[in-house]
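Enquirer: The structure's right below; bear with me while I get my questions together.
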Amino acid sequence: MRIDRYIASSRIIDLKSKDLPTAYAELLATFAPVLGRKTPRKAILKELLDRETSLTSYLGEGVALPHARIPMKRSYALAIGRCPAGLAFEGKETYEEVRFVFMLLANEKAQNYLSFLA
């Protein structure tokens with residue numbers, strides 16, 4: 002699967018945020034053209050943050066991959082946040098330095114969701 006089809010240059014940003022909720026909100030804002038006006042962004046942000054409390058999206062080596070399945074027209078959309086100075090990111094027991102956040106939004110009915118995550 003070629004993920005370059007799901008990344009727009011406008012969704013590759015340098016994060017200004019220092020905390021997890023603000024960083025997620027900053028990345029989520031880049032999806033505005035894909036999501037449309039009626040999509041409940043606050044609900045998506047809440048889902049992403051709720052998932053974080055049960056299972057961290059930190060993969061190690063400075064990379065985090067938050068993801069959610071939502072109602073949208075496209076199968077997938079991906080945003081990338083660069084954190085050159087690092088981002089305090091709460092894992093299950095410790096804080097880790099995150100340098101890249103790959104945020105994936107997928108259509109609720111998208112096929113190959115696990116393959117895309119891998």
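Be aware that the sequence shown starts at 2, since it is given in the numbering used here, and climbs by one per residue. Cβ coordinates follow ideal geometry from the N, Cα and C atoms, glycine included. If you're wondering where the values come from, they're calculated on a predicted model, not measured in any experiment.
In the DSSP assignment, the alpha helix (DSSP H) including Arg15 goes from what residue to what residue?
Expert: Correcting the residue identity first, residue 15 is Asp in this sequence and not Arg. Here Asp15 belongs to no alpha helix (DSSP H); instead the beta strand (DSSP E) covers 8 to 15.
Enquirer: Rounded to a whole number of angstroms, what is the C-alpha to C-alpha distance between Gly63 and Lys39?
Expert: 34 Å
Enquirer: Return helix, strand or coil for Leu66, following the three-state DSSP convention.
Expert: coil
Enquirer: Quick check on the burial criterion: 16 or more other C-beta atoms within 10 angstroms. Buried or exposed for Ala24?
Expert: buried
Enquirer: From the DSSP output, which residues share a beta bridge with Met129?
Expert: Since the displayed the chain opens at 2 and closes at 119, residue 129 lies outside it and no answer follows.
Enquirer: Alpha carbon to alpha carbon, how far is Ser10 from Tyr77?
Expert: Taking the straight line from one Cα to the other gives about 15 Å.
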